[in-house]
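**Student:** Chains as they are written, first to last, in the working numbering: chain A, 159 to 859; chain B, 475 to 842; chain C, 30 to 218.
One structure follows; several queries about it will come next.
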């Protein structure tokens with residue numbers, strides 16, 4: 159370990175592969191101090207400004223908010239809160255364009271600034287060393303700090319780790335051309351930054367603290383060295399300027415000689431990397447109880463009249479910043495067709511930033527630069543990759559790739575959508591730094607190809623996962639249905655057995671005690687059954703009559719539901735009004751009727767088996783709604799089923815009486831079977847007639 | 475207000491493939507000048523013929539290929555593709571390789587073959603597995619051995635004054651304006667046909683003469699090979715310029731020359747009588763042209779640094795083997811084609827270790 | 030005669046030897062390959078939509094293994110057919126017209142959506158759903174678990190009040206495909 163420090167103190171580093179030296183252009187802004195901007199009129203705060211989840215809203219439209227007041231909260235550890243950057247009124251909570259390359263809209267809070275800039279109550283912490291780890295982490299989490307270098311990983315997760323941290327690396331490399339935000343922050347607030355680093359030291363207790371800074375920032379280096387003079391543990395490491403030495407993995411390699419194993423986070427190698435601006439924010443949050451409300455952002459590029467670093471409140475629209483920096487916009491005349499597009503405005507640096515779609519896009523926690531280049535300065539930003547020609551395998555991209563990938567081979571596979579080969583070529587180790595596309599003489603937008611391929615692969619993986627889940631659920635469902643079926647059969651058997659048992663008990667009892675009453679009852683029942691049987695046999699060609707007359711008890715109960723169902727059906731009917739035809743309407747009534755019988759069946763617990771089979775049939779009927787032919791078939795099946803039902807009911811009633819009547823019932827059963835057969839034949843013959851009797855159902859009811 | 479949308483990176487070093495091709499073409503100029511100085515106008519005429527033919531055939535193929543595409547965008551891209559410099563570079567290389575007084579149709583056929591068959595039929599720029607110029611040269615050498623070996627001696631050794639008009643008439647009719655045939659042009663004062671130094675060496679070796687005896691031939695001049703040594707030196711100069719401009723990778727020529735040096739040095743140490751010196755090998759034939767301009771062709775070469783070293787070394791070995799043991803006096807073209815074939819395989823096995831990945835399982839185990 | 034016998038014996042011995050060797054090798058180096066049905070099932074999209082005429086992807090995989098046509102999977106499309114053809118070593122066939130994706134669904138993945146005010150709680154869709162992605166009980170409003178829905182649209186037909194529709198999955202920043210050309214340049218002010 160000492161050798162690492164020795165090497166660093168000698169100014170020797172472990173160079174990473176590749177890298178490029180694009181024109182730095184930091185002179186544009188690094189001579190001027192950070193400017194304080196007047197408060198903008200309106201702030202647009204996206205609920206999600208970092209990797210992870212968005213929190214739940216704590217405010218509603220019309221609420222007055224104070225500066226520093228939390229607007230969202232969440233119990234999810236991957237969510238960090240958003241705070242009101244200044245006092246004002248919430249005027250809207252709606253979707254608005256966010257700082258994302260897709261230019262899509264996400265939920266944003268619109269705050270009308272009242273200009274008072276009133277703070278909420280703050281508690282200044284006098285002595286940080288008195289705070290426990292948990293308190294500090296809670297403070298960091300509540301301050302809504304997410305990595306301010308680019309990705310925006312929630313900081314409180316990064317600092318809340320297992321104790322054995324070897325290296326704490328502070329990333330002050332700022333290798334992207336043009337950007338000087340960190341440079342200026344270091345020059346002007348080195349003391350606060352060092353306070354922040356000390357807090358991190360207290361939390362993580364690393365063996366070494368290394369500040370990685372590129373040698374193109376001499377003043378910042380001096381300021382840091384001055385501020386860390388008394389601190390033995392902190393080493394300011396001056397690195398040769400090379401893009402992308404500020405990439406997390408590249409910086410780790412440069413400073414420690416270690417490589418982060420692919421697919422893992424640096425933390426697994428005992429390394430924590432924090433951005434220098436994050437350190438500033440941590441110090442502000444822990445000591446001054448100031449949540450992350452503002453950040454330094456570089457406004458640069460030759461299209462700006464007054465390029466400078468500014469303190470921008472989070473949520474400041476880019477249009478306001480551009481206006482402050484003197485951006486000359488091209489106004490659209492209403493007749494202009496196609497509409498005039500303004501020169502690109504890039505959020506982030508020229509290498510990894512993304513062009514924003516419109517000026518409403520707000521500044522978020524991760525925005526470090528607004529770049530408005532002129533055409534002479536950055537012609538390739540204007541031509542939209544129109545100059546792409548075939549790859550000639552010159553290999554320059556492979557020479558500059560900091561991850562030692564083979565961009566040219568990746569490119570072929572990406573174009574061919576050969577995802578397996580892409581995985582073999584370690585596409586996911588690509589850090590999107592853009593070095594390959596920068597040097598490509600064929601001007602192939604390599605990074606764009608990789609990004610598309612990565613998105614596709616991720617989506618494919620998700621689909622695979624989903625398919626796997628669907629399969630599991632399908633199998634589970636099949637098993638469940640199987641199980642239910644067996645359970646139902648079991649239940650039926652039991653119920654039948656129970657019935658038999660009770661019957662056996664009942665008969666002698668009836669004969670002994672209440673023979674007269676029983677006899678009378680039996681007579682009545684027998685009569686009833688006989689009458690019903692007659693009606694059944696006569697009415698087989700009109701199954702509607704039968705179904706309602708057979709199940710009169712359940713009908714009452716069903717009436718309640720009916721009204722509900724009717725209402726729904728009325729709605730459905732209204733919906734279908736546009737395409738309503740005679741056939742269609744008939745189908746609806748048919749449906750209704752099916753339902754009525756379903757409800758009846760469901761009401762009767764003992765007949766759950768029938769209800770189930772009826773359900774199946776019901777599904778069939780529904781599926782066949784439009785087809786008259788199939789409808790008829792289903793009806794016929796229903797008729798059969800109902801007939802069978804009646805026979806069972808009859809047999810039950812009969813068997814309750816006596817053996818004589820049960821014999822009679824057998825006889826009747828045979829007759830019913832005959833009747834059913836007849837009904838079948840008739841139903842087949844009377845296909846057209848079957849659509850007519852439906853209204854009678856309502857009447858009978 | 476809407477902004478222009480483009481994907482990152484927004485900046486570019488403004489390098490262009492066509493500019494790269496042009497740079498390589500310019501780097502050939504010293505060599506071409508040396509050729510002109512020692513062998514007259516012949517190669518310049520062949521270069522002109524080849525360039526014109528290449529552009530015409532490229533235009534025809536490109537318009538055929540773009541027939542099904544979008545018309546409006548094609549006009550733009552067609553001219554861009556036509557003048558991307560790759561066809562011109564190929565043609566210039568063919569012109570340089572041909573014997574100065576070869577008939578005109580040699581250049582034309584070679585050029586058409588290179589552009590149409592070797593380049594475009596395989597999918598155009600960036601898709602061809604073989605170097606078009608070398609493939610065309612080999613095709614010509616095999617198909618028209620007589621014309622392709624009708625090397626003239628350097629002008630200083632020639633009996634006939636080969637001026638511009640004489641050269642043109644020789645190339646187009648086979649005879650100079652005075653009526654000398656190609657054979658007569660190639661003869662020295664004594665009437666013996668003169669060949670290239672490499673050819674002479676090969677022939678004499680088969681006759682049992684030692685290298686030393688052979689070197690006494692006037693064709694070898696005072697140093698290694700009259701004229702050829704300066705031409706090679708000029709190509710070396712152009713090549714160094716390209717390396718300086720980072721247009722080509724230095725590994726390939728360095729490895730090639732080193733490999734050739736090793737082979738010839740070993741051979742020379744074992745039997746100086748039957749083997750020529752390293753300097754002779756380096757400065758004769760198409761050695762430098764091959765090292766700096768042909769082997770470094772990115773399309774057909776290896777892309778990884780390791781791969782380039784391997785390709786260079788392999789080519790050096792092959793050139794030596796063909797020159798000393800093979801049937802042809804110069805082996806650069808064959809060596810290049812053979813190396814082109816191996817390039818994909820070499821690339822496959824020389825993939826660099828990606829950041830954050832273990833070198834390989836076997837190495838890991840060895841480490842334990 | 031003896032020569033012939035010798036030849037027969039020698040050849041026979043060699044044949045026996047190699048036969049034994051092969052037999053031993055086949056036992057010794059036996060590889061438990063994935064049963065073909067499992068492999069086929071892995072290729073299918075697992076929407077369990079039943080559009081192939083089988084009640085789920087596994088049954089269709091079994092049927093294909095037993096010689097059913099490979100071009101009946103509508104959600105999988107040409108891609109899946111190609112993969113199955115590769116696996117089985119048969120020719121690629123165009124998608125069966127009867128099984129082509131319902132064109133009204135448009136392109137891209139969809140999920141079912143229940144218009145809740147119209148739902149009467151009939152549970153018919155629950156019974157139709159092959160992956161149990163619909164939540165609800167009799168006479169209670171139903172809803173779809175979007176993450177579980179495979180977009181098979183089997184629940185649409187059984188609904189008596191037509192309250193289920195297939196809606197395309199919205200593109201968010203999470204699943205955006207980096208298609209910069211498709212970003213509409215729109216006027217804000």
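Glycine included, each C-beta is placed from N, C-alpha and C at the ideal position.
(1) Thinking C-alpha only, which one of B/724, B/491, B/694 is nearest residue 560 of chain B?
(2) Please confirm whether residue 553 of chain A and residue 562 of chain A have their CB atoms less than 8 Å apart.
(3) Are residue 628 of chain B and residue 758 of chain B close, meaning C-beta to C-beta below 8 Å?
(4) Using 8 Å as the limit for Cβ to Cβ distance, is residue 478 of chain A near chain B?
(5) Could you check which residue in A/503, A/555, A/348, A/304 has the C-alpha nearest to that of residue 451 of chain A?
(6) In terms of residue numbering, what span does the beta strand (DSSP E) encompassing residue 141 of chain C cover?
(7) Measuring only between beta-carbons, confirm whether residue 631 of chain A sits less than 8 Å from chain C.
(8) Are residue 781 of chain B and residue 729 of chain B touching if we call contact CB-CB under 8 Å?
(9) Could you check which residue in B/797, B/495, B/511, B/533 has the C-alpha nearest to that of residue 676 of chain B?
(10) Does the beta carbon of residue 778 of chain B come closer than 8 Å to any beta carbon on chain E?
(11) Leaving out five residues on either side along the sequence, give the residues of the same chain with a beta carbon under 8 Å from the beta carbon of residue 785 of chain A.
(12) Quick one: grab the DSSP three-state call for residue 196 of chain C.
(13) Counting only beta-carbon separations shorter than 8 Å, does residue 773 of chain B have a partner in chain A?
(14) Is the stretch 353-372 of chain A touching the stretch 289-302 of chain A in the sense that three or more CB pairs, one from each, lie closer than 8 Å?
(15) Which residue wins for smallest C-alpha separation from residue 209 of chain A, given the options A/311, A/179, A/186, A/248?
(16) In whole angstroms, what separates the C-alpha of residue 590 of chain A from that of residue 605 of chain A?
(17) Quick check: what's the CA-CA separation for residue 777 of chain A versus residue 124 of chain C?
(18) Please list, in chain order, all residues of the same chain as residue 195 of chain A whose beta carbon is under 7 Å from its beta carbon, the five residues on each side excluded.
(19) Can you tell me whether residue 787 of chain B is helix, strand or coil according to DSSP?
(20) Assign residue 567 of chain B to one of three DSSP states: helix, strand, or coil.
(21) Does DSSP put residue 231 of chain A in a helix, a strand or coil?
(22) For residue 302 of chain A, which three-state DSSP category applies?
(23) Quick check on residue 466 of chain A: does DSSP put it in helix, strand or coil?
(24) Alpha carbon to alpha carbon, what distance is there between residue 30 of chain C and residue 42 of chain C?
(25) Considering only their Cβ atoms, is the gap separating residue 521 of chain A from residue 484 of chain A smaller than 8 Å?
(26) Roughly how many whole angstroms lie between the Cα atoms of residue 633 of chain B and residue 659 of chain B?
(27) List the residues of chain A whose Cβ lies closer than 9 Å to the Cβ of residue 161 of chain C, in chain order.
(28) Under DSSP, the alpha helix (DSSP H) around residue 647 of chain B begins and ends at which residues?
(29) Give a single yes or no on whether residue 468 of chain A has its beta carbon closer than 7 Å to a heavy atom of the ligand GTP.
(30) Output yes or no for whether 8 Å exceeds the beta carbon distance between residue 568 of chain B and residue 610 of chain B.
(31) Quick one: what's got a C-beta closer than 6 Å to residue 406 of chain A's C-beta in the same chain, skipping five residues either side?
(32) Among C/173, C/207, C/201, C/208, which residue has its Cα nearest to the Cα of residue 195 of chain C?
(33) Counting along the chain, where does the alpha helix (DSSP H) carrying residue 346 of chain A start and finish?
(34) Can you name, in chain order, every residue of its own chain whose Cβ lies under 6 Å from the Cβ of residue 184 of chain A, other than the five neighbours on each side?
(35) Please tell me whether residue 826 of chain B has its Cβ less than 8 Å away from any Cβ of chain A.
(36) Give the interface partners of residue 264 of chain A over in chain C, defined as CB-CB distance under 9 Å, in chain order.
**Tutor:** Straight from the coordinates:
(1) Selected option, being the one with the closest Cα: B/491.
(2) Taking 8 Å as the cut-off, the beta carbon of residue 553 of chain A is found no closer than this to the beta carbon of residue 562 of chain A.
(3) Not closer than 8 Å, so no.
(4) With 8 Å as the cut-off, residue 478 of chain A does not count as an interface residue toward chain B.
(5) Nearest C-alpha to residue 451 of chain A among A/503, A/555, A/348, A/304: A/304.
(6) Where residue 141 of chain C is concerned, the enclosing beta strand (DSSP E) stretches over 139-143.
(7) Yes, because at least one Cβ of chain C sits closer than 8 Å to the Cβ of residue 631 of chain A.
(8) The answer is no: Cβ separation not under 8 Å.
(9) For the set B/797, B/495, B/511, B/533, the Cα lying nearest the Cα of residue 676 of chain B is the one of B/797.
(10) The structure shown contains no chain E; its protein chains are A, B and C.
(11) Low confidence applies to residue 785 of chain A: its pLDDT is 49, below 50, so where it sits in the model is not reliable, and the reading given next is rough at best. Taken in chain order, the list of residues that qualify is empty.
(12) Correct three-state label for residue 196 of chain C: strand.
(13) Put simply, the CB of residue 773 of chain B is near chain A, with a gap under 8 Å to one of its CB atoms.
(14) Touching, per the Cβ criterion.
(15) With distances taken between Cα atoms, residue 209 of chain A lies closest to A/311.
(16) Distance between the alpha carbons of residue 590 of chain A and residue 605 of chain A is about 6 Å.
(17) For residue 777 of chain A, the predicted structure reports a pLDDT of 46, less than 50, and the residue's modelled location is therefore unreliable. A value from the coordinates is still provided. Residue 777 of chain A and residue 124 of chain C have their C-alpha atoms roughly 28 Å apart.
(18) Excluding its 5 nearest sequence neighbours in each direction, residue 195 of chain A has C-beta neighbours in its own chain below 7 Å: 468, 469, 470, 482, listed in chain order.
(19) Correct three-state label for residue 787 of chain B: helix.
(20) Annotated three-state conformation of residue 567 of chain B is helix, per DSSP.
(21) Residue 231 of chain A falls in the strand class under three-state DSSP.
(22) Three-state DSSP puts residue 302 of chain A in coil, outside helix and strand.
(23) Residue 466 of chain A: strand per DSSP, three-state reduction.
(24) Straight-line measurement puts the Cα of residue 30 of chain C at about 18 Å from the Cα of residue 42 of chain C.
(25) Taking 8 Å as the Cβ cut-off, residue 484 of chain A and residue 521 of chain A do not qualify as a contacting pair.
(26) Straight through space, the alpha carbons of residue 659 of chain B and residue 633 of chain B are spaced by roughly 7 Å.
(27) Per Cβ cutoff of 9 Å: 631, 632, 634, 635, 638.
(28) It spans 638-647 - the alpha helix (DSSP H) in which residue 647 of chain B sits, taken as one unbroken run.
(29) Questions concerning the ligand GTP fall outside what the structure shown contains, since it holds no ligand whatsoever.
(30) Result yes, Cβ atoms of residue 568 of chain B and residue 610 of chain B sit closer than 8 Å.
(31) Setting aside the 5 residues that flank it on each side, residue 406 of chain A is surrounded in the same chain by 431, each with a C-beta closer than 6 Å to its C-beta; the list follows chain order.
(32) With distances taken between CA atoms, residue 195 of chain C lies nearest to C/173 out of C/173, C/207, C/201, C/208.
(33) Start and end: 339-362.
(34) So the qualifying residues of the chain are 338.
(35) It does: the Cβ of residue 826 of chain B has a partner Cβ on chain A nearer than 8 Å.
(36) Here the neighbours are 201, 202.
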